[in-house]
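Okay, structure first, notes after.
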Amino acid sequence: MEDYPIPNLFIRGTEVNYLFVCPTKLWFFTHGITMEQESEWVDLGRFLHEQRYANEEKEVLIGPIRIDFIRKGDVVEVHEVKMGKTIEKAHEMQALYYLYYLKKLGINAKAILHYPKLNEKKEITLEGGEKEVEDALLQVEVIKSSSRPPKPVKKSICNSCAYKELCWG
Amino acid sequence: MRKKPLTILSDGILLRRENTLYFENEKGRKPLAIEGIYDIYIYGHVTITSQALHYLAQKGIVVHFFNHYGFYDGSFYPRETLLSGDLIIKQAKHYLEGEKRMKLAKAFVWGGAKNMERNLRRWKVKANFSEELEELKSAEKITEIMNVEARIREKYYASWDETLPDGFKIVKRTRRPPRNEMNALISFLNSRLYAMIISEIYNTQLAPTISYLHEPYERRFSLALDISEIFKPVIVDRIANRLVKQRVMRKEHFREDMNGVLLTEDGMKRVIQEYNKELSSSVKHPKLKKNVTKQRLVRLECYKLIKHLVGLEEYKPLVAWF
Ligand code: SF4
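Taken in sequence, the protein lines are chains A and B. Under the working numbering, residues 19 to 187 are what the first sequence spells out, in order. Under the working numbering, residues 870 to 1191 are what the second sequence spells out, in order.
This is the structure:
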């Protein structure tokens, strides 16, 4: 981890996202219990991505964060492509975390969330959100370091979740 | 597209040209849609080129080999892509800590016994294992558990025998080599089931080598042996029972060999056909509230084990409700 731009911060964007999706999922994911390779959902996302946004600088990696694509200008634009809005909060917090991370590196940026299936966009700036990001990062740490996963709680997204059979079967 | 198992009974070569996998023999060269293959079961004399193996590894396809008696020989188990250090540590911990290991070992035997009882009820035989299961509770060593298990199995075969047609009695369960038809049939199916369970484990983060009822050094994939305790009655015994009672398998589908009684090639074909049909048939899952195939039930069993190991929910083996 020494070569990370911010040495003490190696939480991935996905982890912040999952915190708001489902803490159980976050625990499984961070403990190497992953299922995504079987989810058609993920493949569809990848497909949409390749079709629509072929000309951008894609999959930019900065330490632990992996940004879908970046447009450089006066203000750097961080773009994230999302499938649907059911877990909007998770997307927003993920984007907010990216902006937070970039700011720590001295880069001013704003984020744009793309919902190609809904033909919508949403702009996000960090202003005033630092505290919220820091809280979230702390919570991610707490859940990850727990020796057992948080008990699953049934919610509507369980139905489209790759972990459904693990949690509820 | 749902991925399916591929069974190769004939002799030939598996090779790769560009991005296509082919099976070639004197009948010609047949392309195989790799994206649709879940795993491969090879019974014939098959040569596999290294390119083909690389390709299969890349796609995470497990290949199982059987000798010409239909017994399991070994698997090509590609490099694991699903790894969880944390889960492996927990799996090992459950082996090392006596209490934890006993609990799981008993669960496998208990589940197997319950499923045998279920079968006997279906076959209208009056027998149960309440006595043996009482003893199981108080067992304190793995060897004691194994003893109880052996007695259950003996009683089970004797009871099942009452319903089997003449010429297809199990009488005394014999393995390698099987001495009669029913034993040959059960052994053949057990080998196949064992291999399938290995494939399912491969698709989870469970380490196939750490087991509880069986010793990890007993066989390379000893966890599959543990899990097969649950599924042998549910899958193998039911198929074997049906095949002989419906006279799909008859005397002519077996042959004598100096190594005992074996299935003929036509016999193997019949069994595999029935096996595939059975495994792709679905049952309604009471908790998931959807149809799942019988094969998927094995995966769900792996998931239940994972949940037990990570401390989410105590493992309760599948008891067939269907
Ligand atoms: S199935 Fe539901 S509880 Fe389980 S990880 Fe997914 S969202 Fe969380």
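Glycine is no exception: its CB is placed at the ideal position from the N, C-alpha and C atoms.
Taking 9 Å as the CB-CB limit, is valine 1179 of chain B close to chain A?
Counted from its first residue, the second sequence places residue 1179 of chain B at position 310. For valine 1179 of chain B, the answer is yes, since a Cβ of chain A falls inside 9 Å of its Cβ.
Can you find a CB in chain A that lies within less than 9 Å of the CB of isoleucine 1175 of chain B?
Start at 1 with the first residue of the second sequence, and residue 1175 of chain B comes out as number 306. Answer yes: the Cβ-Cβ gap between isoleucine 1175 of chain B and chain A drops below 9 Å somewhere.
Please report the straight-line C-alpha distance between leucine 184 of chain A and leucine 123 of chain A, rounded to a whole angstrom.
Taking the first residue of the first sequence as position 1, residue 184 of chain A is located at position 166. Taking the first residue of the first sequence as position 1, residue 123 of chain A is located at position 105. Their Cα atoms are separated by approximately 39 Å.
I'd like to know if glycine 1126 of chain B contacts chain A, where contact means its C-beta is closer than 9 Å to some C-beta of that chain.
Counting from 1 along the second sequence, the entry for residue 1126 of chain B is found at position 257. In the sequence under discussion, the amino acid at residue 1126 of chain B is aspartate, which differs from the glycine named in the question. Cβ-Cβ to chain A under 9 Å: no for aspartate 1126 of chain B.
Anything in chain A within Cβ reach of histidine 937 of chain B, meaning under 7 Å, just list it in chain order.
Within the second sequence, numbered from 1, the residue matching residue 937 of chain B stands at position 68. Residues of chain A passing the Cβ test: none, with the nearest at roughly 35 Å.
Can you give me the Cβ contacts of isoleucine 957 of chain B inside the same chain, cut-off strictly under 6 Å, excluding the 5 residues immediately before and after it?
To locate residue 957 of chain B, count along the second sequence from 1; it is residue 88. So the qualifying residues of the chain are Ala1076.
Should the stretch 19-36 of chain A be called in touch with the stretch 1155-1170 of chain B, which here means at least 3 C-beta pairs below 8 Å?
Contact between the stretch 19-36 of chain A and the stretch 1155-1170 of chain B is absent, because fewer than three Cβ pairs lie under 8 Å.
Measuring CB to CB, does tyrosine 907 of chain B end up less than 9 Å from leucine 878 of chain B?
What you label residue 907 of chain B is simply residue 38 of the second sequence in a count that begins at 1. What you label residue 878 of chain B is simply residue 9 of the second sequence in a count that begins at 1. Not in contact: tyrosine 907 of chain B and leucine 878 of chain B (Cβ atoms no closer than 9 Å).
Under 8 Å: does the beta carbon of threonine 42 of chain A sit that close to some heavy atom of the ligand FMN?
With respect to small molecules bound, the structure shown includes the ligand SF4 and not the ligand FMN.
Here's the rule I'm using: 16 or more other beta-carbon atoms within 10 Å means buried, otherwise exposed. How should arginine 1168 of chain B be labelled?
Position 299 of the second sequence, counted from the first residue, corresponds to residue 1168 of chain B. Buried: at least 16 other Cβ atoms inside 10 Å.
Rounded to whole angstroms, what's the CA-CA distance from glutamine 188 of chain A to glutamate 148 of chain A? Just pull it up for me.
Absent from the structure is residue 188 of chain A, since the part of chain A shown begins at 19 and ends at 187.
Let me know the secondary structure DSSP gives asparagine 1052 of chain B once reduced to three states.
Position 183 of the second sequence, counted from the first residue, corresponds to residue 1052 of chain B. In this structure, asparagine 1052 of chain B counts as helix in the three-state DSSP scheme.
Would you call the stretch 961-977 of chain B in contact with the stretch 1075-1095 of chain B, where contact means no fewer than 3 C-beta pairs closer than 8 Å?
The stretch 961-977 of chain B is in contact with the stretch 1075-1095 of chain B.
Compute the Euclidean distance between the alpha carbons of phenylalanine 945 of chain B and leucine 156 of chain A, then round it to the nearest angstrom.
Numbered from 1 along the second sequence, position 76 holds the residue referred to as residue 945 of chain B. Numbered from 1 along the first sequence, position 138 holds the residue referred to as residue 156 of chain A. Using only the alpha carbons, I get a separation of about 43 Å.
Return the bridge partner residues of alanine 127 of chain A from the DSSP annotation.
Numbered from 1 along the first sequence, position 109 holds the residue referred to as residue 127 of chain A. According to DSSP, which records beta bridges pairwise, alanine 127 of chain A is partnered with A:Val94.
Kindly provide the ranges of any alpha helix (DSSP H) runs that are 4 or more residues long and lie completely inside the stretch 900-955 of chain B, ordered along the chain.
Correct list: 919-927.
Relative to the alpha-carbon of lysine 172 of chain A, which residue among A:Lys182, A:Glu110, A:Ser165 and A:Arg166 has its alpha-carbon at the smallest distance?
One-based indexing of the first sequence puts residue 172 of chain A at position 154. With distances taken between Cα atoms, lysine 172 of chain A lies closest to A:Lys182.
Could you name the residues of the same chain whose beta carbon sits closer than 6 Å to that of lysine 969 of chain B, not counting the 5 residues immediately before and after it, in chain order?
Counting from one through the second sequence, the residue named residue 969 of chain B turns up at place 100. Only His963 meet the Cβ criterion.
So, at 8 Å on beta carbons, what are the nonlocal neighbours of tryptophan 59 of chain A in its own chain, with the 5 sequence-adjacent residues on each side left out?
Position 41 of the first sequence, counted from the start, is the residue given in the question as residue 59 of chain A. Confidence is the limiting factor: at tryptophan 59 of chain A the pLDDT is only 42, short of 50, which leaves the residue's position unreliable, though a coordinate-based value still follows. Closer than 8 Å at Cβ, skipping near neighbours: Met101, Ser178 and Ala180.
Taking the alpha-carbon positions, what's the aspartate 880 of chain B to histidine 1122 of chain B distance?
The sequence position of residue 880 of chain B within the second sequence is 11, counting from 1. The sequence position of residue 1122 of chain B within the second sequence is 253, counting from 1. For aspartate 880 of chain B and histidine 1122 of chain B, the distance between alpha carbons rounds to 20 Å.
How is the beta strand (DSSP E) around glycine 102 of chain A delimited, first residue to last?
Within the first sequence, the letter at position 84 stands for residue 102 of chain A. Unbroken run through glycine 102 of chain A: none, as it is neither H nor E.
Which residue or residues does DSSP assign as beta-bridge partners of tyrosine 1184 of chain B?
If you number the second sequence from 1, residue 1184 of chain B lands on position 315. Paired residue(s): none; tyrosine 1184 of chain B is not in a bridge.
Counting contacts by CB-CB distance shorter than 9 Å, is glycine 980 of chain B in contact with chain A?
Indexing the second sequence from 1 puts residue 980 of chain B at position 111. No, no contact with chain A.
Using beta carbons (cut-off 9 Å, strictly below), is lysine 169 of chain A in contact with chain B?
Position 151 of the first sequence, counted from the first residue, corresponds to residue 169 of chain A. Yes - at least one Cβ of chain B is within 9 Å of the one on lysine 169 of chain A.
Taking all protein chains shown into account, do 16 or more other C-beta atoms lie within 10 angstroms of the C-beta of asparagine 1059 of chain B, making it buried, or fewer, making it exposed?
As a first step, residue 1059 of chain B must be located in the second sequence, where it is residue number 190. It counts as buried.
Are the C-beta of tyrosine 1172 of chain B and some C-beta of chain A separated by less than 9 Å?
Position 303 of the second sequence, counted from the start, is the residue given in the question as residue 1172 of chain B. True, the Cβ-Cβ gap to chain A drops below 9 Å.
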